[in-house]
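Undergrad:
In my numbering, the protein residues as written are 190 to 398.
1) Given residue 358, which residues of its chain have a CB within under 7 Å of its CB, disregarding the five upstream and five downstream residues?
2) Would you say residue 319 lies against chain C (beta-carbon separation less than 7 Å)?
3) For the 8 Å Cβ check, are there 3 or more pairs between the stretch 251-259 and the stretch 216-226?
4) What's the C-alpha gap between residue 208 and residue 369?
5) So, for residue 394: in the same chain, excluding its five sequence neighbours on each side, which residues have a beta-carbon less than 7 Å away from its beta-carbon?
6) Rounded to the nearest angstrom, how far is the Cβ of residue 210 from that of residue 248, given a contact under 8 Å?
7) Quick one: residues in its chain with C-beta nearer than 7 Å to the C-beta of residue 363, no 5 flanking neighbours on either side, listed in chain order?
8) Looking at residue 292: is its Cβ nearer than 7 Å to the Cβ of residue 228?
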């Protein structure tokens, strides 16, 4: 999984001796195997943090989720605290499912019709949907179909005579206000071709009686 967003906490009542705060990802509450996120938050400036004030730390988009906890350590000018504040991570996965597409353009190597999908069970973190033609299920070489769609719209129209080119899949991504998901839902494209074949010209002869 991957993370990205805002981590909020309330500062301690007495922050007079605190010079910095550092945020980590860790598989254990005691900090074993921890990995630092970003740079320490410097609290030595004149605009420091007052006791009881809400603080916000931005977790970078696409941070790899390998651990269960956020740990926040305060530090003085001498040392870092030994027992951090902790938060159990809740990783939200919001992918669409059930993508369908019936090609209404009957020419080979051309597509047209509606792309439909089933929304995620929870759309709390979803802002928009993005549909693409792609050269692989992972979205390689993708080209967007239509525009970004707001939650509540689960279909996008592909204009007739859209060239198939080297595209093999339709991919649909969810996006939050921060970023588009990295792993899309996908559907293998089936191109309809209703061109008749083996057309020949036969001369007809009328026999007069």
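Virtual Cβ for every residue (Gly too), placed ideally from N, Cα, C.
What you are looking at is a predicted structure, and each value in this text was computed from that prediction instead of being measured.
TA: Result, derived from the coordinates:
1) Once the five neighbours on either side are set aside, the close Cβ partners of residue 358 are 323, 325, 326, 375, 376, 377, 378.
2) The displayed structure is made up of one protein chain only, and chain C is not part of it.
3) yes
4) 36 Å
5) Confidence in residue 394 is poor, its pLDDT being 48 and thus under 50, which makes the residue's placement too unreliable to answer from.
6) Wrong, their Cβ atoms sit about 14 Å apart, outside the cutoff.
7) Excluding positions up to five away in sequence, the list reads 283, 284, 285, 309, 315, 318, 370.
8) no
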